[in-house]
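**Student:** Numbering (the numbering used here), first residue to last: 103 to 351. Glycine is no exception: its CB is placed at the ideal position from the N, C-alpha and C atoms.
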Ligand SMILES: C[S@@+](CC[C@H](N)C(=O)[O-])C[C@H]1O[C@@H](n2cnc3c(N)ncnc32)[C@H](O)[C@@H]1O
């Protein structure tokens, strides 16, 4: 079902048992490689909060394995550039001496992403126990898909992937085994349609106890009307007209 220009992002942490960790991405990589998928990045998602370990260092990252199906894949770097650390840095020699050396659109966000995880006081927190922050998925959606593309999440949870996709005019589809989580997803999409869903903006910097950095307030999302008309996202849980269940032989 993956488009030739499409991507798979597989997000996992470590499985922990008796203070011993099993890195799930390392276990899973050979399965994807055997399917001839191409690993483009192993993105380290670093966050500040979690359990405090006593017999090892506290775990503060998870990984996203980004695979593409072919070498011709969608990658919109400009859509996810971040501000330069030294925006006034200039070439000090050569033909461009004196001119600014950084890309004016910002820099490549690299493969280490520092994004707060969704804990109790996070503006996006729902009753789902392991909800992703919208900004983590936004960066994946904006860079790896174009307007109108499909984004499928087989483990929807509280619907973060659907929210991040719909707010950027992509079509969302997904699966979730727990009915209570489907209800959370539904409620969040309805809130986004009404214009009352609050998220932490991508541009907001990570909390700095010294008060440095931009403290951009939470943003309220309202889905654009064209996500139904032009983009043709189906109604929430509507049944396709010509859907037929295959009978078991
Ligand atoms: C890590 S959570 C995903 C969280 C989600 N990204 C979010 O932001 O809320 C994984 C989800 O997969 C669901 N799940 C587990 N096995 C499943 C299956 N076989 N089919 C569909 N969903 C499943 C779980 O109920 C859980 O909500």
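What residue from 130, 183, 201 and 138 has the CA that sits closest to residue 106's CA?
**Tutor:** Nearest of 130, 183, 201 and 138 to residue 106, Cα basis: 138.
**Student:** Please classify residue 203: does DSSP put it in a helix, a strand, or coil?
**Tutor:** coil
**Student:** With distances taken between CB atoms, is the gap from residue 117 to residue 126 smaller than 8 Å?
**Tutor:** A contact, by the Cβ cut-off of 8 Å.
**Student:** Express the C-alpha separation of residue 278 and residue 352 in angstroms, rounding to a whole number.
**Tutor:** An answer regarding residue 352 cannot be provided, because it is not within the stretch 103 to 351 covered by the chain.
**Student:** Can you check the stretch 259-322 for any beta strand (DSSP E) of at least 3 residues that lies completely inside it and give the ranges in chain order?
**Tutor:** 273-276 and 299-301
**Student:** Compute the distance between the beta-carbons of residue 335 and residue 268, then report whether it is under 8 Å.
**Tutor:** yes
**Student:** Looking at residue 265 and residue 294, is the spacing between their C-beta atoms short of 8 Å?
**Tutor:** yes
**Student:** Starting from the Cα of residue 115, find the closest Cα among 133, 166, 303 and 270 and give me that residue.
**Tutor:** Closest by alpha carbon: 166.
**Student:** Near residue 233, which residues of its chain fall below 8 Å by C-beta distance, leaving aside the five closest residues on each side in sequence?
**Tutor:** So the list reads 220, 226, 227, 259, 260 and 262, once near-sequence residues are dropped.
**Student:** For residue 331, verify whether its CB is less than 7 Å away from any heavy atom of ligand 1.
**Tutor:** no
**Student:** How long is the line joining the alpha carbons of residue 215 and residue 200, rounded to whole angstroms?
**Tutor:** 31 Å
**Student:** Is the stretch 187-195 touching the stretch 240-251 in the sense that three or more CB pairs, one from each, lie closer than 8 Å?
**Tutor:** Contact check between the stretch 240-251 and the stretch 187-195: fewer than three CB pairs, one atom from each, fall below 8 Å, which does not count as touching.
**Student:** Just the C-alpha distance for residue 175 and residue 231, rounded to the nearest angstrom, thanks.
**Tutor:** Cα to Cα, the separation comes out at about 33 Å.
**Student:** By a C-beta neighbour count over all protein chains shown, 10 Å radius and 16 as the cutoff for buried, is residue 154 buried or exposed?
**Tutor:** exposed
**Student:** Checking 8 Å against the spacing of the C-beta atoms, do residue 121 and residue 162 come in under that value?
**Tutor:** no
**Student:** How many angstroms separate the CA atom of residue 244 from the CA atom of residue 236?
**Tutor:** As the crow flies, the alpha-carbon of residue 244 is around 12 Å from that of residue 236.
**Student:** Tell me the DSSP bridge mates of residue 169?
**Tutor:** 110 and 141
**Student:** Any idea which residues DSSP pairs residue 224 with across the strands?
**Tutor:** None, per the DSSP bridge assignment.
**Student:** With a threshold of 7 Å, establish whether the CB of residue 233 neighbours any heavy atom of ligand 1.
**Tutor:** yes
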